[in-house]
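Colleague:
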Amino acid sequence: MITQKLINDLSYKIIGACIEVHKLAGPGLYEEVYHQCLEKEFNLIGLKYQSELEIPFLYKGKHINCKVKCDFLIEELIVLELKSVTEIHQIHKAQTINYMNLLQVPRSILVNFNVTNLYHEGCESFASKIFKELPKE
1 MITQKLINDL SYKIIGACIE VHKLAGPGLY EEVYHQCLEK EFNLIGLKYQ
51 SELEIPFLYK GKHINCKVKC DFLIEELIVL ELKSVTEIHQ IHKAQTINYM
101 NLLQVPRSIL VNFNVTNLYH EGCESFASKI FKELPKE
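Be aware that the sequence shown starts at 1, since it is given in UniProt numbering, and climbs by one per residue.
1. Which two residues bound the contiguous alpha helix (DSSP H) that contains residue 88?
2. Excluding the 5 residues flanking residue 102 on each side, which residues of the same chain have their C-beta closer than 8 angstroms to its C-beta?
3. Is the beta carbon of residue 86 sitting closer than 8 angstroms to the one on residue 27?
4. Can you tell me which residues form a DSSP beta bridge with residue 50?
5. What residues are listed by DSSP as bridge partners for residue 112?
6. Span of the beta strand (DSSP E) holding residue 62?
7. Beta-carbon of residue 11 versus every beta-carbon of chain B: anything under 8 angstroms?
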């Protein structure tokens, strides 16, 4: 059964994997480097994921072939969007939230690897209506 606790525990594992990659690779690399490192880390810790998942987009009921892709969909429950930028802007947050809503999953996490302390400066998570409707435990 999917619960808020399950989503929170999974988020903890995902952020832990991001911290591990950041600890070993450090800030200042291209996003693709972190992406490939995370694939290795997720495999090591046993998380199921889809990488560069194309998100279906409908406009007035018609499928639009616009190649919208999220970096990771983890355990079919959480979108993980990666950045390696000087500063996170509102558009990055909107993109992450939109991917979560389009995929109809309970949570999304935005991670910026170009920071000194990933936990305090580089992670932000968002909850959808789906998350709020899940049982707590």
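Yeah, the Cβ is synthetic: ideal placement off N, Cα and C, and Gly gets one too.
Modeller: According to the structure shown:
1. Neither: residue 88 is in no alpha helix (DSSP H) and is coded neither H nor E.
2. Listed in chain order, the non-local C-beta contacts of residue 102 below 8 angstroms within the same chain comprise 55, 56, 57, 68, local neighbours out to five positions each way being set aside.
3. For residue 86 and residue 27, no; Cβs fall outside 8 angstroms.
4. 73.
5. Beta-bridge pairing links residue 112 to 83.
6. Annotation: the continuous beta strand (DSSP E) that includes residue 62 extends over 62-64.
7. Chain labels in this structure do not include chain B; a single protein chain is all it has.
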